[in-house]
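One structure below.
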Amino acid sequence: MAAPDRLAFVCPRFAGEGAVGGAETLLKNLALHAAARGVAVDFLTTCAQSHYTWENTLPPGVKEMDGLTVRFFPVDDRDVGTFLRIQQSIDRGRPVSEAEELLWLRHGVNSAALLAHLDRHAAAYRAILLGPYLFGLTWFTALAHPERSLLVPCLHDEPFAKLACMKRLFAETAGCLFNAQAERELAGELFAYPDAKSRIVGMGLDPFAADPAAFAKRHGLTAPYVLYSGRREPLKGTPLICDYVHAFRERTGRDVKLVFTGSGTIDAPAALWPHILDAGFVSETEKHEAMAGAVAFIHPSVNESFGIVLLEAFLAGTPGLVHAKSRVLVSQCRAAGAGLWFRHYPDFETQLLYLLDNPEARAALGARGRDFVAREYAWPAIERKFFDALDALRPV
Amino acid sequence: MSATPVLSVGAPGYAVDRLVADLQATVDRKVRDGVYADARVARAEKTNLVHLRGSDDFLTFYLTCLRDAVFVDISDFEIRERRRFFGPLLVAFKQVVWKLLKFYTYRLWSQQNQVNGLVITALEGMEEQSAARIAALEKRLVELEKAAGHGRS
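Which chain is which? The protein sequence lines are A and B, in order. Heads up: the first sequence is residues 421 to 816, going by this note's numbering. Heads up: the second sequence is residues 24 to 176, going by this note's numbering.
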């Protein structure tokens, strides 16, 4: 018998246990806020921390963390070769059969133990909230209990979203909690997804005050800098930032530094290295200070469904510079009136020069961003949207 | 390269769309004027090309940048060493190795430059031909539509 105040969250990794990622952070925060409102929350996840190896590095078992019951299950053995072979075909837009799609899901990240746990206990949950959409774990779990599964898909316009198996996932599950209107529109285009089956929720952000001079002072930065925070990898567009900032420095002669926080390898031209500050993993406070002092927060990824770090930069009073191909990030910049979007290097150069040379405009954009996030993404508003979505999509 | 601010913003409620549109219009004009016909721009765009496939004007712009980038000069880079210890010594060693290998590398380099030049010329020719053919077809289409009466408002 389902309890109206019992929810399960399913995510391949648990944010904070050596893992960082937008979707993981989003699901964890929704779970935390649901728990804080008196809902019994089970967070079901795997023992993996690395999204490259999916190695079981955490012990399986149950932990009480921040008011959540977190259950860690081991990742199944997988044939990485098969997975990568099919993934490469999908990535390059080659046709793959339904059997290959299933193989790709099977040899992605999965946990038979987690599925077995839900086979025994699914009926006790009012809803199972799962994400992101493209993992085998999400797919098999959701389709094992479609009537009570609500996807938090973090959907991107990418080859994986165009697979037949994903059409089935979205069609058969009970509903979706999208992060932004642009994501909902994308689901409409890809799967003819009816608006009635979804709600826009997103994630709340707590306002903060950060000293704009603190980060530069701590790291001895005397020149203006632009910032990127998060995972550094080609899919996130980090090589593009390095190439652009390098060309910008060479062409304009302006001494602008490039600051990174987060994890991953930085692929940059050798001549740019003396002008890169890789702060690595930093505390939330230091990240916010880095954001507050930056000329602009650059988000070059085209595969975003929400853009948490962009919204954090807005909260820090810093304008965004985002890729024009990311409809979600562009829509956030447009809605907030706090960021510019570039199609190519010439746009980037012009817009960065504009921000460097117009501190008043920069401050005006930053102030709008702060007001927008404080207004639209305050936790009480997000909690209301979340529970309204539950009532609409999984009524008691 | 112009570093002059394009616009100034201050009015409350100023739409960011308008600002982006104004900045992009300026960029488009500068692209046409050849301000970005620069090998450095071509190199910077290498990871962005996949996102520009849908752009009508970009191929012409990119080919212009490429024209400057294809004739590479293999002597124009600085030999660096990121290891702190023995850095200058390692740089000197690499410079000697580089000089000793010049006899071989210059021959390859000059042949590669010739190939690059021929390829870019062929690509430019193909692009010009396609553009001319499409323009002629569009013109013909308009004439046919007018003749059929579809062009009347």
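Ideal placement from N, C-alpha and C gives every residue a C-beta, glycine not left out.
CA-to-CA distance, residue j to residue i, given in whole angstroms
{"i": "L446 of chain A", "j": "M623 of chain A", "result": "6 Å"}
{"i": "K582 of chain A", "j": "A607 of chain A", "result": "10 Å"}
{"i": "E653 of chain A", "j": "G172 of chain B", "result": "55 Å"}
{"i": "R41 of chain B", "j": "V750 of chain A", "result": "13 Å"}
{"i": "A594 of chain A", "j": "R568 of chain A", "result": "6 Å"}
{"i": "F792 of chain A", "j": "Q47 of chain B", "result": "25 Å"}
{"i": "S176 of chain B", "j": "K53 of chain B", "result": "With a pLDDT of only 44 at S176 of chain B, under the threshold of 50, the placement of this residue in the model should not be trusted; the figure read from the coordinates follows. Spanning the two alpha carbons is a distance of roughly 35 Å."}
{"i": "E769 of chain A", "j": "H639 of chain A", "result": "26 Å"}
{"i": "A145 of chain B", "j": "F81 of chain B", "result": "17 Å"}
{"i": "P432 of chain A", "j": "A155 of chain B", "result": "53 Å"}
{"i": "L141 of chain B", "j": "Y85 of chain B", "result": "16 Å"}
{"i": "A715 of chain A", "j": "E444 of chain A", "result": "Checking the sequence, you will find Val at residue 715 of chain A rather than Ala. Each residue's Cα considered, the two are about 28 Å apart."}
{"i": "L525 of chain A", "j": "W761 of chain A", "result": "34 Å"}
{"i": "F807 of chain A", "j": "I728 of chain A", "result": "21 Å"}
{"i": "Q771 of chain A", "j": "F628 of chain A", "result": "27 Å"}
{"i": "V495 of chain A", "j": "N723 of chain A", "result": "26 Å"}
{"i": "R804 of chain A", "j": "E796 of chain A", "result": "12 Å"}
{"i": "V742 of chain A", "j": "N599 of chain A", "result": "18 Å"}
{"i": "E484 of chain A", "j": "A783 of chain A", "result": "43 Å"}
{"i": "I620 of chain A", "j": "L597 of chain A", "result": "6 Å"}
{"i": "I548 of chain A", "j": "L570 of chain A", "result": "6 Å"}
{"i": "R651 of chain A", "j": "E161 of chain B", "result": "46 Å"}
{"i": "D675 of chain A", "j": "R63 of chain B", "result": "17 Å"}
{"i": "L773 of chain A", "j": "L655 of chain A", "result": "26 Å"}
{"i": "A519 of chain A", "j": "L550 of chain A", "result": "23 Å"}
{"i": "L554 of chain A", "j": "F580 of chain A", "result": "7 Å"}
{"i": "D698 of chain A", "j": "A634 of chain A", "result": "16 Å"}
{"i": "A92 of chain B", "j": "K69 of chain B", "result": "12 Å"}
{"i": "S649 of chain A", "j": "K125 of chain B", "result": "42 Å"}
{"i": "T489 of chain A", "j": "P515 of chain A", "result": "41 Å"}
{"i": "E706 of chain A", "j": "V679 of chain A", "result": "12 Å"}
{"i": "L167 of chain B", "j": "R90 of chain B", "result": "38 Å"}
{"i": "A468 of chain A", "j": "H708 of chain A", "result": "28 Å"}
{"i": "R763 of chain A", "j": "L785 of chain A", "result": "20 Å"}
{"i": "S618 of chain A", "j": "I157 of chain B", "result": "44 Å"}
{"i": "I780 of chain A", "j": "A755 of chain A", "result": "For the record, residue 780 of chain A in the displayed sequence is Glu; it is not Ile. Roughly 20 Å between the two C-alpha positions."}
Short Cβ contact (8 Å threshold) for residue i with residue j
{"i": "I506 of chain A", "j": "L534 of chain A", "result": "no"}
{"i": "A744 of chain A", "j": "A67 of chain B", "result": "no"}
{"i": "F429 of chain A", "j": "C574 of chain A", "result": "no"}
{"i": "G487 of chain A", "j": "L450 of chain A", "result": "no"}
{"i": "E521 of chain A", "j": "A460 of chain A", "result": "no"}
{"i": "G713 of chain A", "j": "A758 of chain A", "result": "no"}
{"i": "L647 of chain A", "j": "A710 of chain A", "result": "yes"}
{"i": "G556 of chain A", "j": "G528 of chain A", "result": "yes"}
{"i": "L538 of chain A", "j": "A564 of chain A", "result": "yes"}
{"i": "L810 of chain A", "j": "L735 of chain A", "result": "no"}
{"i": "P552 of chain A", "j": "T561 of chain A", "result": "no"}
{"i": "R546 of chain A", "j": "L730 of chain A", "result": "no"}
{"i": "T83 of chain B", "j": "E150 of chain B", "result": "yes"}
Supposed contact pair residue j and residue i - C-beta distance, whole angstroms, cut 8 Å
{"i": "R106 of chain B", "j": "L113 of chain B", "result": "7 Å"}
{"i": "T465 of chain A", "j": "F434 of chain A", "result": "4 Å"}
{"i": "C753 of chain A", "j": "G740 of chain A", "result": "5 Å"}
{"i": "F701 of chain A", "j": "S721 of chain A", "result": "Not really, about 19 Å apart at Cβ, beyond 8 Å."}
{"i": "P480 of chain A", "j": "F493 of chain A", "result": "6 Å"}
Of the listed residues the options, nearest to residue i (C-alpha basis)
{"i": "I102 of chain B", "options": "A:A691, A:V665, A:D767 and A:L810", "result": "A:A691"}
{"i": "R457 of chain A", "options": "A:D497, A:P644 and A:P800", "result": "A:P800"}
{"i": "T87 of chain B", "options": "B:A60, B:F94, B:V93 and B:L72", "result": "B:A60"}
{"i": "T681 of chain A", "options": "A:R674, A:E670, A:I696 and A:A688", "result": "A:I696"}
{"i": "K587 of chain A", "options": "A:T558, A:Y613, A:Q771 and A:F492", "result": "A:Y613"}
{"i": "A630 of chain A", "options": "A:E780, A:P779 and A:E732", "result": "A:E732"}
{"i": "E603 of chain A", "options": "A:E521, A:E520, A:E578 and A:V490", "result": "A:E578"}
{"i": "L131 of chain B", "options": "B:L164, B:V95 and B:A115", "result": "B:V95"}
{"i": "S470 of chain A", "options": "A:W693, A:G481 and A:G436", "result": "A:G436"}
{"i": "K677 of chain A", "options": "A:W693, A:Y472 and A:N476", "result": "A:W693"}
{"i": "H74 of chain B", "options": "A:R671, A:G657 and A:I718", "result": "A:G657"}
Proximal residues of chain A, C-beta to C-beta of residue i below 7 Å
{"i": "N139 of chain B", "result": "Ordered by position in chain A, no residue passes the 7 Å Cβ test against N139 of chain B, which lies about 20 Å from the chain."}
{"i": "V50 of chain B", "result": "P766, D767 and T770"}
{"i": "R63 of chain B", "result": "A667, E670 and R671"}
Chain-ordered chain B contacts of residue i [CB-CB under 9 Å]
{"i": "D663 of chain A", "result": "R66, A67, E68, K69, T70 and N71"}
{"i": "V793 of chain A", "result": "Per Cβ cutoff of 9 Å: no residues; V793 of chain A is ~15 Å from chain B at best."}
Residue i: contacting residues in chain A (beta-carbon distance under 9 Å)
{"i": "K53 of chain B", "result": "P766 and T770"}
{"i": "T87 of chain B", "result": "The contacting residues do not exist; T87 of chain B stays about 12 Å from chain A at best."}
{"i": "F81 of chain B", "result": "R763 and H764"}
{"i": "Y129 of chain B", "result": "Simply none; closest approach about 22 Å."}
Contacts of residue i in chain B (Cβ-Cβ under 7 Å)
{"i": "V722 of chain A", "result": "H74"}
{"i": "A690 of chain A", "result": "R103"}
Within chain B, partners of residue i - CB distance below 8 Å
{"i": "L760 of chain A", "result": "V39, L42, V43 and L46"}
{"i": "P644 of chain A", "result": "Within chain B, no residue comes near P644 of chain A; the closest Cβ sits about 14 Å away, beyond 8 Å."}
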